[in-house]
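Chains as they are written, first to last, in this note's numbering: chain Y, 1 to 309; chain F, 1001 to 1309.
Dropping the structure here:
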């Protein structure tokens, strides 16, 4: 069974890692959101791709969810001493990723090629793909003006109230590799990443939505008990008038796209409302605290997806 | 007395530090060689300026002579893990310098402005100036072909035999700040840096030589007992047919430029031959092992230069 996962950062990376323990590497493609990508200190930074890569490579920092386990901060301390920008934290090892990526992009390689090459060196076996080789920055219209994603997310700790999420128009084209993986997919897994700012930018990349909608597609709700497990998903959904629940997630993705939604057992009572939308609902343990949790959730998603397909 | 020092890396930086202990900051300008500058991993790297800056700031690594005391190597280890280039060592703190310099240059600031701003943050009080704001790369014609300076110096540990040193033609223009400092100088000090690849690129920058020649100018020989205190000065002089001695240094700079040459006491016997060229010769303790040595040599150079001027 060929599986394609659409994923943002931390939560998505955990499920992607679980999938990678169960699906043969040749059959798994993880498509990462690059709507968060930005340039900082002259470097091309891809936060979600890096979180996915580090997590798949088994070197992610488990405490923070981003960055590299055991990384150090000598460079940041020196940048601070120079009075340089410190709002976006760059670990010393992490900087190597940005330096090499930036250098190779500047030499004309695609982000797809660079991501594959860096991942290979770290031992990532599944295909990790950026959604597009073109820049496709997500912008947010907020009560403090229009902000680039990282300005809002890291720079202002996602506090400004969001009126509207602006994805690039016309949409960026998906890479050939992304299109080919989706065309071959037996199952599309939408990871429990932020639907609005992590998954939507991938789906917005043309023609990802159409290809995903044509195939069995299962999402995992990132909303549990009315809250996001992590990050601004609940806050954003509320600000944009969506119900902050698995039902809200199901409505947002819609029955045209989704065949099934895995929701946390704590929200099991909402399953009938989701099914009423024409989307199968499966309550399960979705909170991934351990490696075993990740693998178990991946197993549930794969087994259920196989039956739905 | 307004003093301008021309300096390359390690040896030049030591004397510059000594001078900075004795000369009021407003009266001292250190002009650094940028012929070694190069781009690496997309970063603008200025090895001699950095050694001068770190030394003047009191944070240089004393064991290596270059880099920052106590710097760490997490980024380099990660670059190695990625299979990236490791021939040029970049410490984690040192990387901050290159990142901020590169970013500010990319935003259109001059190297002069960036160097001043970075130095100020580190507490450098004397004026540290790049010889030019234009790239002025030194190239070496060798038995392994034409090499950029760092390819030869670091990449091949200065082993290829040099037939010819190629400085840019037409010469790069000195910055306004360099010209103004030289015009106001009461004494020009040529530090015990490599005459051929550290000092010559500065003198080649127009109109540094003419301005230095018009003023009292004292050099310190980097050759002691037929050997370079450090680095390839002796090897290079021999390969280019120069006598490897203070007399060879005196002949190389010439009486049109130099009023005096400080040579090591170990070479005192050659003083008459140097004076026969029309260049005053002063034997002294030139080997700078300690901070006290640096200050003492600076004091000798300043006192003697004042009398020669």
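Glycine residues also receive a C-beta, built at the ideal position from the N, C-alpha and C atoms.
Three-state secondary structure (DSSP) of residue i
i, result
"residue 68 of chain Y", "strand"
"residue 1125 of chain F", "coil"
"residue 153 of chain Y", "helix"
"residue 43 of chain Y", "strand"
"residue 1130 of chain F", "strand"
"residue 991 of chain F", "What the structure shows of chain F is the stretch from 1001 to 1309, and residue 991 of chain F is not part of that stretch, so it cannot be assessed."
"residue 1094 of chain F", "helix"
"residue 1272 of chain F", "helix"
"residue 282 of chain Y", "strand"
"residue 219 of chain Y", "strand"
"residue 59 of chain Y", "coil"
"residue 31 of chain Y", "strand"
"residue 182 of chain Y", "helix"
"residue 1048 of chain F", "helix"
"residue 1224 of chain F", "strand"
"residue 7 of chain Y", "strand"
"residue 1368 of chain F", "Chain F is shown from 1001 up to 1309; residue 1368 of chain F falls before or after that span and cannot be answered."
"residue 314 of chain Y", "Here chain Y covers residues 1 to 309 and nothing more, so residue 314 of chain Y does not appear."
"residue 1303 of chain F", "helix"
"residue 1206 of chain F", "strand"
"residue 1246 of chain F", "helix"
"residue 192 of chain Y", "coil"
"residue 173 of chain Y", "strand"
"residue 1240 of chain F", "coil"
"residue 1114 of chain F", "helix"
"residue 1187 of chain F", "strand"
"residue 37 of chain Y", "coil"
"residue 234 of chain Y", "helix"
"residue 264 of chain Y", "strand"
"residue 1147 of chain F", "strand"
"residue 1295 of chain F", "helix"
"residue 1023 of chain F", "coil"
Proximity test, Cβ basis, 8 Å: residue i and chain Y
i, result
"residue 1069 of chain F", "no"
"residue 1060 of chain F", "no"
"residue 1116 of chain F", "no"
"residue 1140 of chain F", "no"
Under 7 Å from the C-beta of residue i: neighbouring residues of chain F
i, result
"residue 121 of chain Y", "1081, 1082, 1083"
"residue 95 of chain Y", "1075, 1095"
CB contact check: residue i to chain F, cutoff 8 Å
i, result
"residue 16 of chain Y", "no"
"residue 100 of chain Y", "yes"
"residue 92 of chain Y", "yes"
Under 7 Å by beta carbon: chain Y residues contacting residue i
i, result
"residue 1129 of chain F", "None at all; the shortest Cβ gap to chain Y is about 19 Å."
Any non-hydrogen atom of the ligand PLP closer than 7 Å to residue i Cβ
i, result
"residue 105 of chain Y", "Among the components modelled here there is no ligand, and therefore nothing to report on the ligand PLP."
Closer than 9 Å, Cβ to Cβ, to anything on chain F: give me those residues from the segment 71-83 of chain Y, in chain order. 71, 72, 73, 74, 75, 76, 77, 78, 79, 80, 81, 82, 83
May I ask you to list, following chain order, the residues of the segment 1102-1114 of chain F that have a beta carbon less than 7 Å from some beta carbon of chain Y? 1102, 1103, 1106
The segment 134-146 of chain Y / the segment 64-83 of chain Y touching (three or more Cβ pairs under 8 Å): no
Short of 8 Å Cβ to Cβ, which residues in the segment 27-57 of chain Y face chain F? Cβ contacts with chain F come from 41, 42, 43.
Counting pairs of beta carbons, one from the segment 1189-1201 of chain F and one from the segment 1003-1020 of chain F, are three or more of them closer than 8 Å? Three or more pairs of CB atoms, one per stretch, sit closer than 8 Å, so the segment 1189-1201 of chain F contacts the segment 1003-1020 of chain F.
Would you call the segment 1248-1255 of chain F in contact with the segment 1271-1279 of chain F, where contact means no fewer than 3 C-beta pairs closer than 8 Å? A contact exists between the segment 1248-1255 of chain F and the segment 1271-1279 of chain F.
Check whether the segment 1265-1274 of chain F touches the segment 1195-1214 of chain F, taking contact to mean three or more Cβ pairs, one atom from each stretch, closer than 8 Å. As far as the Cβ criterion goes, the segment 1265-1274 of chain F does not touch the segment 1195-1214 of chain F, which means the pair count is below three.
Okay, do the segment 138-145 of chain Y and the segment 158-177 of chain Y touch, 3+ Cβ pairs below 8 Å being the bar? yes
Quick check: the segment 197-205 of chain Y against the segment 161-175 of chain Y, are at least 3 beta-carbon pairs closer than 8 Å? yes
Counting beta carbon pairs with one atom in the segment 24-32 of chain Y and one in the segment 85-98 of chain Y, are three or more of them shorter than 8 Å? The segment 85-98 of chain Y is not in contact with the segment 24-32 of chain Y.
For the segment 54-65 of chain Y against the segment 1049-1064 of chain F, are there 3 or more C-beta pairs whose distance is under 8 Å? no
Check whether the segment 1039-1046 of chain F touches the segment 1223-1242 of chain F, taking contact to mean three or more Cβ pairs, one atom from each stretch, closer than 8 Å. no
Can you find at least 3 beta carbon pairs, one from the segment 279-292 of chain Y and one from the segment 259-269 of chain Y, that sit closer than 8 Å? yes
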